[in-house]
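Notes to accompany the following structure.
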Amino acid sequence: MEHRVLVAYGSANGSTQKIAETMAEVLRTTGITAEVLSARSVTDLGRYEAVVVGGALYAGRWHKDARRFVQRHRGALSHRPVWFFSSGPLDSTASQRDIPPVPGVKRAMARLDARGHVTFGGCLTEGAQGRIARMILRNGGGGDFRDFAAIEHWAAGLAKELGAMAHR
Numbered sequence: 440m441e442h443r444v445l446v447a448y449g450s451a452n453g454s455t456q457k458i459a460e461t462m463a464e465v466l467r468t469t470g471i472t473a474e475v476l477s478a479r480s481v482t483d484l485g486r487y488e489a490v491v492v493g494g495a496l497y498a499g500r501w502h503k504d505a506r507r508f509v510q511r512h513r514g515a516l517s518h519r520p521v522w523f524f525s526s527g528p529l530d531s532t533a534s535q536r537d538i539p540p541v542p543g544v545k546r547a548m549a550r551l552d553a554r555g556h557v558t559f560g561g562c563l564t565e566g567a568q569g570r571i572a573r574m575i576l577r578n579g580g581g582g583d584f585r586d587f588a589a590i591e592h593w594a595a596g597l598a599k600e601l602g603a604m605a606h607r
């Protein structure tokens, strides 16, 4: 059975989008058909057997597009395997330890019986949009803390899990 997987993301400045694209690339190397779409642009989940939803974290909340995606598609998501990821810490903590989902994501995971969640480091660089982002940069914060080896490893595990489901 071929799996068609949607990797939907909510991102303000493109960092979370790049994480989603990396995941989809890994899934494709294992023979899985993976599409990457902005959570805002998705209108129907009918052609996907599984969904990965990711959101950038801002002040302890998932990006609004990811939150709205989960709310809008809750019925369809409840009938297929779902995984969540977050991106956000602007330091190395996500590479050093498992960071649990923020409360809103944790609630969504429970409602949908999500199969997993991971938090990856975030990225905030010059030219970022948003008042708070510019303030963080102005105060010397920011940087790129995404760990692409960890992202690829997590996506490979997801591919194995999907493969195991196909053989049941």
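First residue of the sequence shown? That's 440 in the working numbering, and the numbers climb one at a time after it. A virtual CB, placed ideally from N, CA and C, is assigned to each residue, including glycine.
(1) Following the continuous beta strand (DSSP E) through Phe-524, name the residue where it begins and the one where it ends.
(2) Considering only residues of the same chain and omitting the five flanking positions on each side of Pro-520, which have a CB-CB separation below 6 Å?
(3) Would you say Arg-536 and Cys-562 are within 7 Å of each other, going by their C-beta atoms?
(4) The alpha helix (DSSP H) with Ser-534 in it runs from where to where?
(5) Between which two residues does the alpha helix (DSSP H) holding Arg-482 run?
(6) Buried or exposed: where does Met-574 fall if 16 or more other Cβ atoms within 10 Å of its Cβ makes it buried?
(7) Nearest CA to the CA of Ala-478: which residue from Ala-505, Ile-590, Glu-460?
(8) Comparing C-alpha positions only, which one of Val-491, Leu-484, Ala-495, Met-462 sits nearest to Gly-453?
(9) Enumerate, from N- to C-terminal direction, the unbroken alpha helix (DSSP H) stretches of 4 or more residues contained entirely within the stretch 544-583.
(10) Based on the DSSP secondary-structure assignment, which residues constitute the bridge partners of Gly-494?
(11) Quick one: grab the DSSP three-state call for Ser-454.
(12) So the beta strand (DSSP E) Glu-474 belongs to, where does it begin and stop?
So, to answer that:
(1) 521-526
(2) Ala-489, Arg-554
(3) no
(4) 532-535
(5) First, the residue type needs correcting, since residue 482 is Thr and not Arg in the sequence shown. No alpha helix (DSSP H) holds Thr-482; DSSP gives it neither H nor E.
(6) exposed
(7) Ala-505
(8) Ala-495
(9) 570-577
(10) Gly-449, Ser-525
(11) helix
(12) 472-477
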